[in-house]
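Have a look at the structure below before the remarks.
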């Protein structure tokens, strides 16, 4: 990420955004932007897909409000436009959500680069392709940014802000501020296979697939183990704060070293970041400092930790989420 100074105008309240691609993700993104007061031009070459937007957007909008009048108002802020050249007029950002094919995205971005002034941000919702590849034919690469929603994007609040070597730090900051305006949280990461969330997610899933292949655990036991242990803790605190709250760094390092010695798998080898904390005596909440710094007494932290976890697990049990899905 370059430190080049570039001026990107702040996202104006009620400003104009073009969403390119009216498929599943484009529909979600357009509805979300409209809900938060932006004027949206939804562009797609398929007239049937454009025409079906209101019907597809209503269930999405219903997650924001039960007020049908407000849903109707939201839909009035989205205009369907088949012409890309017309759709991008007067916008401060274009958000591309076309099919996940490199050639298709490259063509869209090359065209957008020619249609849009240099200060217009060109964002992509890619879930796997590299920004540098998508922007290969873009002259003004410094305004290209990844803004990747995690399905269902109108509910999951984390959004990946993906940057490349040519991305100015000012644009990453701009991206964070923009997603804050739609009540989401930006998590920045450089372009790399899997970005941030998929890299973490598939590290876990790959191990789970291996457990299934080797017959070590059943589908139901794996899901119950995660749902009733790891899942609630991660939902409350994330992986690093969870480690701070649950176990000392010395024990965490001992476990990773033991797994490495038993399996020879480099993925289990204790990493430098963890070893450094142990050497510095930063053991987590128990010592007042780990990945995070803790200002409250340890007894208070433990009491609050346990109460939060109890409340969440009680709520999950009352919801009976798995049975309500009617799966078997």
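In our numbering, the protein residues as written are 39 to 366.
Beta carbons are placed, not taken as given, at the ideal position from N, Cα and C, and that holds for glycine.
Just so it is clear, the structure is predicted and the values come from calculations on it, not from any experiment.
A residue is called buried when at least 16 other Cβ atoms come within 10 angstroms of its Cβ; residue 299 does not meet this threshold and is exposed. Inter-residue distance for residue 301 and residue 244 is about 16 Å (C-alpha atoms, whole angstroms). When the five nearest sequence neighbours on each side are left out, the beta carbons in the same chain lying within less than 7 Å of the beta carbon of residue 275 are those of 283, in order along the chain. Of the residues assessed, residue 163 falls on the buried side of the cut-off, its CB having 16 or more other CB atoms within 10 angstroms. Taking all protein chains shown into account, residue 103 has fewer than 16 neighbouring C-beta atoms within 10 Å of its C-beta and is therefore exposed.
DSSP lists 58, 162 as the bridge partner or partners of residue 134.
Across the structure, residue 260 and residue 331 are spaced so that their CA atoms are roughly 33 Å apart.
A straight-line Cα-Cα distance of about 29 Å links residue 94 and residue 233. Per DSSP, the continuous alpha helix (DSSP H) segment holding residue 215 begins and ends at 207-218. Of the residues assessed, residue 55 falls on the buried side of the cut-off, its CB having 16 or more other CB atoms within 10 angstroms. For residue 218 and residue 252, the gap between their C-alpha atoms comes out near 44 Å. When DSSP states are grouped into helix, strand and coil, residue 64 belongs to the helix group.
Apart from the 5 residues on each side of it in sequence, residue 88 sits with its Cβ closer than 6 Å to the Cβ of 60, 82, 118 in its chain, given in chain order.
Exclusion of the five residues before and after residue 281 leaves 287, 290, 322, 328, 329 as the residues of its chain whose Cβ lies within less than 8 Å of its Cβ. According to the DSSP secondary-structure assignment, residue 331 is paired through a beta bridge with 327.
One alpha carbon belongs to residue 336, the other to residue 196, and they sit about 30 Å apart. Under DSSP, residue 81 shares a beta bridge with 58, 119.
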